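Numbers 51 to 194, taken from my numbering, label the letters of the sequence shown in order. Idealized CB from N, CA, C, for every residue including glycine. These figures come from a predicted structure and were not determined experimentally. Here is the structure we will look at.
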Amino acid sequence: MRIAGFDLGTVTLGIAVSDLSAKIAFSKETWRYTQDDLSSLAEKAIAYLKENRIDTVVLGLPKHMNGDVGISGERSLAFKDALITLEPGLKVVMWDERLTTTMALKTIANTKTTHKAQKRKAKVDALAAVNILQSYLDSINRGQ
51 MRIAGFDLGT VTLGIAVSDL SAKIAFSKET WRYTQDDLSS LAEKAIAYLK ENRIDTVVLG
111 LPKHMNGDVG ISGERSLAFK DALITLEPGL KVVMWDERLT TTMALKTIAN TKTTHKAQKR
171 KAKVDALAAV NILQSYLDSI NRGQ
């Protein structure tokens, strides 16, 4: 069973995928998309999920520190709806992603490598997707 993790940004989607045992998350890639064109992004994501035989997605839900869902969170919920409209059997788990980008930035800072801004942003989104997915995997594997 493979599970995907998605970190939806304003113009990028960070993607992570679990191993077959659904215990470890791996960074895969980051896609750029036209801002607010979630339907085309959803079509591409569904094709990717089918190609990789993934039937569960953990989608980051951005929240403010007080727990409120803002504009970014509403975009994630709209993306979830677009995915489910295209693939009704798809399981989409919304996962609180507070601080995942911060953790990803710290990871990159600790690697002592230099990146151009766009390349760095792609790494941040992919690592944030890993953090989202790994957090979910850890929660479902506790007690096993």
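Evaluate residue i with the Cβ neighbour count: other Cβ atoms within 10 Å of its Cβ, from every protein chain shown; 16 or more gives buried, anything less gives exposed.
{"i": "Ala92", "result": "buried"}
{"i": "Ile53", "result": "buried"}
{"i": "Gly120", "result": "exposed"}
{"i": "Asp57", "result": "buried"}
{"i": "Asn116", "result": "exposed"}
{"i": "Leu70", "result": "exposed"}
{"i": "Asn181", "result": "buried"}
When DSSP labels each residue in this structure, what does residue i get in the three-state scheme?
{"i": "Ser122", "result": "helix"}
{"i": "Leu155", "result": "Low local confidence applies: a pLDDT of 48 at Leu155 is under 50, so the model's placement there is unreliable, with the coordinate-based value given in what follows. Leu155 falls in the helix class under three-state DSSP."}
{"i": "Val174", "result": "helix"}
{"i": "Ile104", "result": "coil"}
{"i": "Gln168", "result": "Confidence is the limiting factor: at Gln168 the pLDDT is only 49, short of 50, which leaves the residue's position unreliable and the question unanswerable from this model."}
{"i": "Tyr141", "result": "The identity of residue 141 in the sequence shown is Lys, whereas the question assumes Tyr. In this structure, Lys141 counts as strand in the three-state DSSP scheme."}
{"i": "Asp86", "result": "coil"}
Looking only at DSSP bridge pairs, what is residue i linked to?
{"i": "Ser68", "result": "Ala75"}
{"i": "Leu136", "result": "According to DSSP, Leu136 bridges with nothing at all."}
Kindly give me the distance between the Cβ atoms of residue i and residue j, rounded to whole angstroms, as I take these residues to be in contact under 8 Å.
{"i": "Thr80", "j": "Leu63", "result": "7 Å"}
Subject >> Sufficient close CB pairs (3 or more, under 8 Å) joining the segment 171 to 185 to the segment 131 to 138 >> reply: no
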